[in-house]
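Just below is one structure, and these are the notes that go with it.
Residue numbers (the UniProt record's numbering): 1 to 501.
Structural data, given as structure tokens:
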């Protein structure tokens, strides 16, 4: 009886504490034997069962696989073969192919697709001993800023379940914010890691283009897509990026640049750091409460020795029109493969080949995906290529030059991640232009291929908002250092929605 009571006390203690631990703390707990991977994984699976009905963060939960991976991780640790992250649960955005597990990309088109291979990102996570809890919800084919275009219904924001979590990596952001997973993977084509991280009050990093392999990551816009970590803290994001980053010969866009130990410089001083504040990021259109929170966050950097300097990114206003030509053009080409012939959804009883093509695509794709395919096909069509696509690529070069010039004066650029906090589900669903404008502060980063970090920076109108830090190429370590030092003097990253505490 005494042993039973002891076990119950231990379980109650673990249940109360485990999900509020950071990745770094969980890694130490596993190493010290405070709990096992099976106990930890079971805890998160139980939370998903009891709480995910409120967030709809997961499309697929891989319980049986997760428990087997956890048991294997415990055996490896007992044998002295554990890595730093062995036995830690993780959630993967459902855009990464996972062998033997449905990979839907949030679309009816791939609702029946079981991936026959692992993406490089998920394979690296498996090799590091991470435990896949499941696949998270997302805007269909990563097209959206609200998570409402998913075939499986929208995810909700854990801070207010009547509001969006942001998109397209909204399921991953909601899972981490609700403490249904300690870390998650996301992808960022125009802000799809950073914007949901901001709206859900977590940390998200979009690495330099080519820093993390895109192989096995279902493509939206090939010259813009980049995978990255989503976590509670900058330290956690650094630990996960250590696993994700690196050259991949299977990906022709992967960069052969040395990979840092992203945890090595986390505690470097910010004394003398030159922080650029683009005047365009603090102008009309920015919510007043968001502006106040971001300015307070920047003041915290100044208190640690950073030097603030106003700069101009004059191409900010033309980034959205350039993006919404380039991204749909690339999407129209990438999504041409979904035709009912090889894999995925196929319409019932087609009359002929053309009928199969048209009905399969008409029935398999949602409205937002169709809208972007049509825009992209138009921009690439004869007579319009030079007027639209070529011109947008020229604007893209101007945007890149704008950042190159700015980084001659400053070390990092700071500002808001999004102009507003999360808004109500359905409030702009039929207004795509308003949705596109939500990406005003994030899109330029993707067009230039730069890295950027979002860190929780308080609350505006009762909802989380995030500080965005933009770095020069392959300066992820610097961004993580700044984020970590900021989180040493603030506690926004420790806040948990009341119903998920």
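The beta carbon of each residue, even a glycine, is placed where N, CA and C say it ideally should be.
Please look up how many angstroms separate the CB atoms of residue 294 and residue 395, rounded, as I've assumed it's under 8 Å. Rounded, the Cβ-Cβ distance is 26 Å, inconsistent with contact.
Determine contact between the region 64 to 82 and the region 35 to 44, defined as no fewer than three beta-carbon pairs at a distance below 8 Å. yes
Starting from residue 413, trace the alpha helix (DSSP H) both ways and give me its first and last residue. Not the alpha helix (DSSP H): residue 413 falls in the beta strand (DSSP E), residues 412 to 416.
Using a Cβ-Cβ cut-off of 6 Å (strictly less than) and excluding sequence neighbours within five positions of residue 514, which residues of its own chain qualify? This structure leaves residue 514 out entirely; the chain is present only between 1 and 501.
Cβ pair residue 193, residue 205 closer than 8 Å: yes
Going by the CB atoms, is the gap between residue 183 and residue 230 shorter than 8 Å? yes
If the criterion is Cβ atoms closer than 8 Å, does the pair residue 439 and residue 100 meet it? no
Does DSSP put residue 352 in a helix, in a strand, or in coil? coil
Checking the sheet assignment: what are the DSSP bridge partners for residue 43? According to DSSP, which records beta bridges pairwise, residue 43 is partnered with nothing at all.
Report yes or no: do three or more beta-carbon pairs, one from the region 418 to 435 and one from the region 203 to 223, lie closer than 8 Å? no
Given residue 320 as reference, the closest of 354, 444, 406 and 300 once Cα atoms are compared: 444
Taking its Cβ as the centre, do 16 or more other Cβ atoms sit within 10 Å of residue 410, making it buried, or is it exposed? buried
So what's residue 253 in DSSP terms, helix, strand or just coil? coil
Just curious, the beta strand (DSSP E) that residue 136 is in, first and last residue? 131 to 136
Could you tell me the distance, in whole angstroms, from the CA atom of residue 354 to the CA atom of residue 143? 26 Å
Nearest-angstrom beta carbon gap, residue 139 and residue 477 [assumed within contact, 8 Å]: That belief does not hold up - the Cβ atoms of residue 477 and residue 139 are roughly 30 Å apart, past 8 Å.
Buried versus exposed call for residue 110 [16 or more other C-beta atoms within 10 Å across all chains shown]: buried
With three or more beta-carbon pairs closer than 8 Å as the criterion, would you say the region 413 to 424 touches the region 269 to 284? yes
From residue 309 to residue 483, what distance separates their C-alpha atoms? 19 Å
Given the structure, does residue 20 come close to the ligand COA, in the sense that its CB is under 7 Å from one of the ligand's heavy atoms? With respect to the ligand COA, the structure shown offers nothing to examine, as it has no ligands at all.
Using 8 Å as the threshold, is the C-beta distance between residue 188 and residue 446 below it? yes
Sort out for me which residues DSSP pairs residue 463 with in a bridge. 460
Quick one, are the C-beta atoms of residue 76 and residue 234 less than 8 Å apart? no
Consult DSSP for residue 402 and reduce its assignment to one of helix, strand or coil. helix
Suppose contacts are defined by Cβ-Cβ distances below 8 Å. Is residue 146 in contact with residue 167 by that definition? yes
If you measure between the beta carbons of residue 58 and residue 107, is that distance less than 8 Å? no
Residue 500 beta carbon less than 8 Å from that of residue 51: yes
Along the beta strand (DSSP E) that carries residue 90, what are the first and last residues, could you check? 89 to 93
In its own chain, which residues sit with a C-beta less than 7 Å from the C-beta of residue 95, not counting the 5 before and 5 after it? 105, 138, 142, 187, 217 and 218
Excluding five sequence neighbours on each side, which residues of the same chain lie with their C-beta closer than 7 Å to the C-beta of residue 150? 106, 137, 138, 139 and 140
The beta strand (DSSP E) spanning residue 277 covers which residue range? 274 to 278
Check whether the region 153 to 172 and the region 196 to 205 touch, using three or more Cβ-Cβ pairs below 8 Å as the test. yes
Spatial distance of residue 330 from residue 221 (CA atoms): 5 Å
Which residue or residues does DSSP assign as beta-bridge partners of residue 308? 275
Residue 442: which of 29, 475, 281 and 132 sits nearest, CA to CA? 281
C-alpha gap between residue 2 and residue 34, whole angstroms: Because residue 2 sits at a pLDDT of 47, beneath the cut-off of 50, its placement in the model cannot be relied upon, and the following sentence gives the value as read from the coordinates. Taking the straight line joining both Cα atoms gives about 20 Å.
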